[in-house]
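Sequence lines, in order, name chains Y and A. The first sequence begins at 18 in the working numbering and counts up one residue at a time. The second sequence begins at 18 in the working numbering and counts up one residue at a time. In this text, a Cβ means the ideal position worked out from N, Cα and C, and glycines have one as well.
Protein chains: 2
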Amino acid sequence: MWNTPSGENWLLIHLNLIFSVITYWLTISLIPKFKRRFIQKNLFGFDLHKVKGPKIPEAFGFIVGLTYLVTLFIFSAIAFRQSILRDHNCPQKEFVESVAGLLCISCMLMFGFADDVLDIPWRYKLLLPSIASLPLLMVYYVNFNSTTVILPKFLRSTFGLSVNLGIFYYVYMGMLAVFCSNAINILAGINGLEAGQSLIIALSVCLFNIIEMFGEFWQPHQFSLFFMIPFVSVTLALLKFNWCPAEVFVGDTYCYFAGMTLAVVGILGHFSKTLLLFFIPQIFNFLYSVPQLFHFMPCPRHRMPALNEEKLLVASKVAFAKSELTLLGKFCIKILKIVKLLDSRESKDIMECNNLTLLNLVLIYSGPVREASLTKILLLIQVLCSCIAFTIRYPLASVFYGA
Amino acid sequence: MWNTPSGENWLLIHLNLIFSVITYWLTISLIPKFKRRFIQKNLFGFDLHKVKGPKIPEAFGFIVGLTYLVTLFIFSAIAFRQSILRDHNCPQKEFVESVAGLLCISCMLMFGFADDVLDIPWRYKLLLPSIASLPLLMVYYVNFNSTTVILPKFLRSTFGLSVNLGIFYYVYMGMLAVFCSNAINILAGINGLEAGQSLIIALSVCLFNIIEMFGEFWQPHQFSLFFMIPFVSVTLALLKFNWCPAEVFVGDTYCYFAGMTLAVVGILGHFSKTLLLFFIPQIFNFLYSVPQLFHFMPCPRHRMPALNEEKLLVASKVAFAKSELTLLGKFCIKILKIVKLLDSRESKDIMECNNLTLLNLVLIYSGPVREASLTKILLLIQVLCSCIAFTIRYPLASVFYGA
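The following block contains the structure:
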């Protein structure tokens, strides 16, 4: 029989829960206090889906990120002091994991805020998150350095039980951090969506962690819960103010912060592959966006849904001369038409099609809807995908991988 | 005979030196690129000591802080990989110290930038740095937890060889981090001063570390050098653009970043008391400012030197009704007059005196000077104080403490 979590471990989770509740109240009392200051300091935007909207303060991810970090700083100090008092020895590995995780998160929070303030050019947007994830990879290298991946049954006769990916596993983890940070940022554009999707992913991770707490390898999942519960609480607080009609915008700050926090628990909790299962809508949205993001097809500056005359949201379109299309662009359009993921209209030289985002795709199938309804549909999709993820992770995995 | 640093240890210091040179070039190429962007995004100020000056971009401490962090991330990854390859084991203690140090620095950098962008209220300015220093204190607790202070000879007959300060030592270290961050910020206001003083303090720390590298307890000093050499290089790069007439301002960002970086090496390098010796001008300036900072005497919004008709700097004055003075204020004025640290003029009800900063005090004794000359005088004072610090630390300490 394996070593199960002791009463003290559960106690710490309860303590974390109490901290998170306090943080929630703290955050919802802080957000209104800073609204005017953000607007005064030119950190605001206009809601493109409202008619004649007021100035809405931007980058409020920074406030929730700050309360999150403060909570975890204080919680970690108490948790580690507790375990030192008990064992007369510090769990160095867990300690360095916490500190490195917090380092990555604080770097991303800073970077996101700088992006909201300064509009950082794209080349830095990909470079800096990769460097910010270095401490995480170093800790992984120092503490585990396990780069072996178990293969599914049907591959084992050819490649063996497992394959050691070596350096590629580190490249994958570094890319995971960059992917998570940006994936949430591109499935965005309507009130409540960034915070809502992060909330559902975080709750799915929590559920997964709680299930695994009863298994043999519970320790990394306890670690993950310590990071996830306060994240859920600050996200809930942010959502209260960001839900349609939004009083504050979350900004790139929140997207980067949320993405990195999820990547940190995925990597240090050893469930980076399961984590990706919770990102199915984001992965789909990213792949679907590739033809525009990589400029195989024309990409306008904003791809978010448009408002029709009845003030309902409809899919936004992009029109272009057919001659502008690259060969790869033509190929993408052909494929997208076949799988019915494109709403297009053609005249002699001009082509018009929807912008390639999940939001526009949903609008094509749903028809015009109100903004809050679109957010709800998207969040419902996220919940369904989490159900699929759990199905893949549990019943299906045992079919493919054995018990 | 004790364990001396091996060739490999010196090699790492040379590697760090090479990294720092590269960082210097990177930083001086990055700063001009971001100047226009900062101004566009409303991060600029006007030089109050120039006539009809242009907009000067503010908060460039952020750019140098970022290149500093990137350098240390990459350097640490290489250094620790090296020692793992050699010993097949990670030096966990050093590793967690590096990560925690970087966490504190990145938090302070983020916080400083937020302060430049948002003008954070004072109560948060004292609270957040204390919380940001928590990881540092945790690491100190986990790795050393030595809170014993050796007493000088003349106290030993009464109190014994040493005294254990316990929790007070942690309070002292937490306050050290807050003090360093704010001390540089209040000895400021003329071009080149913030970066200049930090440079001299950092060079003094480097010299001290190099001397101690030949002693018994060289390891923490090697750690300190790893953090200090890149700091010197980014500060030099910043100074190149901040020297009079300044092309960029350093912002609170730089002051907080510099203060925390120095506090980190002082605490984790176990020389927090020696570090304070290098802060003599800042400590004097802080104590001298106390009557105004704590409102025993009237305190105008800006206390920096004023320009006279010949465009030279002179001490700025504050005038107030004598009845405004608190009892404590009257007492401070009396003391300051006795020790000749106040230039005051009185009529029946009104009193006028210089603002209580080291800059104004120097100007009272020097008479009107050009801005660059004042910076040079201040930096000269900083160098002299470092000489005094070394005298206290070496010849005098052996008199007071024995060999």
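Within 8 Å of any Cβ in chain Y, is that where the Cβ of residue i sits?
i: residue 123/A; result: yes
i: residue 192/A; result: no
i: residue 8/A; result: Beyond the ends of chain A as shown, which are 18 and 420, falls residue 8/A; an answer cannot be given.
i: residue 91/A; result: yes
i: residue 337/A; result: no
i: residue 130/A; result: yes
i: residue 413/A; result: no
Name the chain Y residues that come within less than 8 Å of residue i, Cβ to Cβ?
i: residue 482/A; result: With chain A running from 18 to 420 in the structure shown, residue 482/A is simply not present.
i: residue 135/A; result: 51, 54, 55, 58, 60
i: residue 148/A; result: 87, 90, 91
Report buried or exposed for residue i, applying the criterion of at least 16 other Cβ atoms within 10 angstroms of its Cβ.
i: residue 362/A; result: exposed
i: residue 50/Y; result: exposed
i: residue 308/A; result: buried
i: residue 418/Y; result: exposed
i: residue 338/Y; result: exposed
i: residue 33/Y; result: buried
i: residue 411/Y; result: exposed
i: residue 320/A; result: buried
i: residue 81/A; result: buried
i: residue 416/A; result: exposed
i: residue 312/Y; result: exposed
i: residue 69/Y; result: exposed
i: residue 294/Y; result: buried
i: residue 265/Y; result: buried
i: residue 289/A; result: buried
i: residue 198/Y; result: buried
i: residue 25/Y; result: exposed
i: residue 180/A; result: exposed
i: residue 231/Y; result: exposed
i: residue 341/A; result: exposed
i: residue 238/A; result: buried
i: residue 74/A; result: buried
Can you find a CB in chain A that lies within less than 8 Å of the CB of residue i?
i: residue 155/Y; result: yes
i: residue 54/Y; result: yes
i: residue 127/Y; result: yes
i: residue 87/Y; result: yes
i: residue 275/Y; result: no
i: residue 120/Y; result: yes
i: residue 79/Y; result: yes
i: residue 284/Y; result: no
Assuming the contact rule is C-beta atoms closer than 8 Å, residue i and residue j should be a hit. Round their C-beta distance to whole Å, please.
i: residue 76/Y; j: residue 209/Y; result: Actually they are not in contact, since the Cβ atoms of residue 76/Y and residue 209/Y sit about 16 Å apart, beyond 8 Å.
i: residue 117/Y; j: residue 153/Y; result: 6 Å
i: residue 221/A; j: residue 403/A; result: 4 Å
i: residue 280/Y; j: residue 194/Y; result: 4 Å
i: residue 160/A; j: residue 110/A; result: 5 Å
i: residue 123/Y; j: residue 375/A; result: Between residue 375/A and residue 123/Y the Cβ distance is about 33 Å, and since that is not below 8 Å, they are no contact.
i: residue 250/Y; j: residue 226/Y; result: Wrong, their Cβ atoms sit about 15 Å apart, outside the cutoff.
i: residue 272/A; j: residue 205/A; result: 7 Å
i: residue 218/Y; j: residue 296/Y; result: 7 Å
i: residue 255/A; j: residue 156/A; result: That belief does not hold up - the Cβ atoms of residue 255/A and residue 156/A are roughly 28 Å apart, past 8 Å.
i: residue 66/A; j: residue 369/A; result: Not a contact, Cβ separation roughly 21 Å.
i: residue 22/Y; j: residue 235/Y; result: 5 Å
Report the neighbours of residue i on chain Y: residues whose CB is nearer than 7 Å to its CB, in chain order.
i: residue 117/A; result: 116
Just to make sure I have the definition right: I need the residues of chain A whose C-beta is within less than 7 Å of the C-beta of residue i. Which are they?
i: residue 109/Y; result: 109, 113
i: residue 45/Y; result: Those do not exist, as residue 45/Y stays about 17 Å from chain A at its closest Cβ, beyond 7 Å.
Using a C-beta to C-beta distance shorter than 9 Å, which residues of chain Y count as neighbours of residue i?
i: residue 94/A; result: 151, 152, 154, 155, 158
i: residue 97/A; result: 155, 158, 159
Let me check you understand the geometry: is the CB of residue i closer than 7 Å to at least one non-hydrogen atom of the ligand FAD?
i: residue 412/Y; result: Here there are no bound small molecules, and the ligand FAD is not part of this structure.
If the cut is a Cβ gap below 8 Å, which residues of chain A does residue i touch?
i: residue 244/Y; result: Within 8 Å Cβ-Cβ: nothing; residue 244/Y doesn't reach chain A, min ~14 Å.
Using a beta-carbon distance below 8 Å, is residue i in contact with chain B?
i: residue 101/A; result: In the structure shown, chain B does not exist; the protein chains are Y and A.
(request) Check whether the region 285-303 of chain A touches the region 327-346 of chain A, counting contact only when three or more Cβ pairs, one atom from each stretch, lie closer than 8 Å. (result) No contact exists between the region 285-303 of chain A and the region 327-346 of chain A.
(message) Within 8 Å, do at least three Cβ pairs link the region 87-95 of chain A to the region 77-92 of chain Y?
(response) In short, these stretches do not touch, since the Cβ pair count stays below three.
(message) Tell me whether the region 52-62 of chain Y and the region 179-189 of chain Y touch, counting them as touching only if at least three CB pairs, one residue from each stretch, are closer than 8 Å.
(response) The region 52-62 of chain Y makes no contact with the region 179-189 of chain Y; the number of CB pairs closer than 8 Å stays below 3.
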